[in-house]
């Protein structure tokens, strides 16, 4: 059986554009975490694409806070040629 992480890598991955959006709007991570009442360590996992399962409630809360839809918040990163 194939390792789940390898399988996901072969498909590419979704990237949350949180840092880009925060930079565009001049919002600090600390302010967002304080306003949304979320731990900074959890938030950093999302910013660093280090989250294996996304919490839908968190994503909805983030979309509401940033006034974006999910399509603006995410970006599909195709697999690298070496992983195909």
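Residue numbers (this note's numbering): 125 to 208. Note that CB positions come from ideal geometry on N, CA and C, so glycine has one too. All figures in this text were calculated on a predicted structure; none of them were measured in a lab.
Nearest neighbour of residue i, chosen from the options [CA to CA]
i: residue 182; options: 150, 142, 202 and 135; result: 142
i: residue 147; options: 200, 190, 134 and 176; result: 190
i: residue 156; options: 204, 188 and 198; result: 188
i: residue 178; options: 140, 164, 151 and 134; result: 140
i: residue 144; options: 162, 192 and 164; result: 192
i: residue 73; options: 159, 173, 154 and 184; result: Residue 73 is absent from the structure shown; the chain starts at 125 and stops at 208.
i: residue 285; options: 205, 201 and 197; result: Nothing in the structure corresponds to residue 285, since the chain is present only between 125 and 208.
Where residue i falls, given that 16 or more other Cβ within 10 Å makes a residue buried
i: residue 194; result: exposed
i: residue 186; result: buried
Bounding residues of the beta strand (DSSP E) (the contiguous stretch that carries residue i)
i: residue 217; result: The question about residue 217 has no answer, for the chain in this structure spans 125 to 208.
i: residue 198; result: 198 to 201
Secondary structure of residue i, DSSP reduced to three states
i: residue 151; result: coil
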